[in-house]
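Numbering (this note's numbering), first residue to last: 274 to 349.
Cβ atoms here follow ideal geometry from the backbone N, Cα and C, with glycine treated the same way.
In this text, all values refer to a predicted model and were calculated from it rather than measured experimentally.
Since the structure comes first, as structure tokens, the remarks are kept for the end.
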Amino acid sequence: MVTTVRISGMTCAHCTRAVFTALAGVTGIARADVKVGSAVIEHDGTVSIDAVKSAVETAGFAVTGAEENRRALPQL
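Here you go:
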């Protein structure tokens with residue numbers, strides 16, 4: 274499953290690293306593509322939006338929107 278979240282307050286590479294690190298600590302998240310203002314998160318389906326919001330807030334930012342999709346991210 275893939276969840277895309279919009280994140281406010283991010284302005285730089287340090288912000289993206291902080292969010293990435295926070296998301297990496299959430300059980301069930303397999304991958305996260307974090308950019309300034311958003312994150313695309315691939316997970317096993319057990320990860321709730323609340324868990325994602327909590328991780329992002331721990332990093333010092335806020336989730337302003339989220340969308341779930343059952344597809345997986347393409348393999349590189």
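The C-beta distance from V299 to V320 rounds to 6 Å, short enough to meet the 8 Å contact threshold. The Cβ atoms of I322 and T284 lie no closer than 8 Å to each other. With contacts defined as CB atoms closer than 8 Å, A332 and V278 fail to qualify as a contacting pair. Relative to the Cα of C288, the nearest Cα in the group G310, E315, A339, A305 belongs to G310. Secondary structure at V278: strand, using DSSP grouped into helix, strand and coil. Residue state for V336 is assigned as strand, using DSSP reduced to three classes.
Between V336 and I280, the C-beta spacing is below 8 Å.
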